[in-house]
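Report on one structure; see the data block that follows.
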Amino acid sequence: MPKVTEEYRTARRHEIAQAALRCFARNGFAATSMADIIAESGLSAGAIYGHFTSKDELMELTASEILDARFLEVAEARAQQPLPTPGEIVRLLVTGLMTHIADIQLLVQVWGQVPINPRLKQMSSDIGGRIRAMFVGYLTDWHAQTLRLDEAHDLAERQAPVYIGLVQGYVTQTVLFDGFDGEGYLDSVESLSLPY
Numbered sequence: 008m009p010k011v012t013e014e015y016r017t018a019r020r021h022e023i024a025q026a027a028l029r030c031f032a033r034n035g036f037a038a039t040s041m042a043d044i045i046a047e048s049g050l051s052a053g054a055i056y057g058h059f060t061s062k063d064e065l066m067e068l069t070a071s072e073i074l075d076a077r078f079l080e081v082a083e084a085r086a087q088q089p090l091p092t093p094g095e096i097v098r099l100l101v102t103g104l105m106t107h108i109a110d111i112q113l114l115v116q117v118w119g120q121v122p123i124n125p126r127l128k129q130m131s132s133d134i135g136g137r138i139r140a141m142f143v144g145y146l147t148d149w150h151a152q153t154l155r156l157d158e159a160h161d162l163a164e165r166q167a168p169v170y171i172g173l174v175q176g177y178v179t180q181t182v183l184f185d186g187f188d189g190e191g192y193l194d195s196v197e198s199l200s201l202p203y
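Take 8 as the starting number for the sequence shown in my numbering and just add one per residue.
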């Protein structure tokens, strides 16, 4: 039997995760079963379970892929001169999420499961920590342009949750409110100046 390469395994896991995302978007996260994902993927149950044991595990991989892509974008932005403003970083993250996730309401569905699903709660906590660290790093760089480094880091620590909330606010308002003006929201975020 020919040896399966790591590249092949990674590609197959991504293919399965994309099938799961389509099911989650169409049926909702809670209502989607592994049988639905198997049918959507066109693969055998053995092929699916050889890579994933549950839809929670599929969601973890998908969340990791989406998050890693956003981290790469922010890392590239941090290398630019001049450094993009905090509002531009929020816009970058929101645009990336909207592009990467075909149906953004899926995020809100998953968030709704977090309080009652210990595995998703742990995943959410881990992701939150990574996102907070990303914002603290970026905001430290941003504030260091005008402040002493120790003050910049302290300020970044305090402000990071606010900027995370601005991204989450965009997502939730997009899903919950008809007629939400996303562009106006992002324009307002870009003009926002938090106090020191």
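Don't be surprised by glycine CBs; every beta carbon is placed ideally from N, CA and C.
Checklist line | Selection from A84, E95 and P89 that minimises the alpha carbon distance to V196 | finding: Considering only A84, E95 and P89, the residue with the shortest C-alpha distance to V196 is E95.
Margin query: Among A109, G135, I111 and D157, whose alpha-carbon lies nearest the alpha-carbon of V121?
Written below: G135
Notebook entry, point to check: Going straight from the alpha carbon of E72 to that of T17, what length do you get?
Noted result: 11 angstroms
Notebook entry, point to check: When the Cα atoms are used, what is the spatial distance from Q87 to A167?
Noted result: Going by the C-alpha atoms only, they are around 20 angstroms apart.
Check: Is it the case that the Cβ atoms of M66 and I55 are separated by a distance below 8 angstroms?
Finding: no
Check: CA-CA distance, E80 and H58?
Finding: 28 angstroms
Next item on the list: Would you check if there are 3 or more beta carbon pairs closer than 8 angstroms linking the stretch 109-123 to the stretch 143-159?
Entry: The stretch 109-123 is not in contact with the stretch 143-159.
Note to self: If I follow the unbroken alpha helix (DSSP H) through N34, where does it start and stop?
What the structure shows: E13 to N34
Note to self: Excluding the 5 residues flanking A208 on each side, which residues of the same chain have their C-beta closer than 7 angstroms to its C-beta?
What the structure shows: Because residue 208 is not part of the residues shown, which for the chain are 8 to 203, the question remains open.
Margin query: Let me check understanding here. Comparing Cα to Cα, which of E14, L199 and F31 lies closest to Q112?
Written below: When only C-alpha atoms are compared, the closest one is F31.
Notebook entry, point to check: Secondary structure at Q88, three-state DSSP: helix, strand or coil?
Noted result: Here DSSP, grouped into helix, strand and coil, assigns Q88 to coil.
Next item on the list: Go through its chain and collect everything with a Cβ distance to S51's Cβ below 8 angstroms, but skip five positions before and after it.
Entry: I45
Notebook entry, point to check: Skipping 5 residues on each side, what residues in its chain have a beta carbon closer than 7 angstroms to that of L173?
Noted result: V97 and V196
Notebook entry, point to check: What distance in whole Å lies between the Cβ atoms of V169 and V115, which are believed to be in contact at a cut-off of 8 angstroms?
Noted result: With 8 angstroms as the limit, V115 and V169 do not qualify as a contact, their Cβ atoms being about 20 angstroms apart.
Check: Going along the chain, which unbroken runs of the alpha helix (DSSP H) with 4 or more residues stay wholly within the stretch 36-71?
Finding: 41-48 and 52-56
Note to self: Output needed for L28: all residues of its chain with C-beta closer than 8 angstroms, excluding positions within five of it in sequence on either side, in chain order.
What the structure shows: T69, I108, A109 and L113
Checklist line | Nonlocal neighbours in the same chain, by C-beta distance under 7 angstroms from A26, ignoring five residues either side | finding: I44, E47 and S48
Item checked: 7 angstroms CB neighbourhood of T92 in its chain, flanking five on each side removed -> E197
Checklist line | chain B contact for R155 (CB, 8 angstroms cutoff) | finding: Checking the listed chains, one finds no chain B in this structure; it contains a single protein chain.
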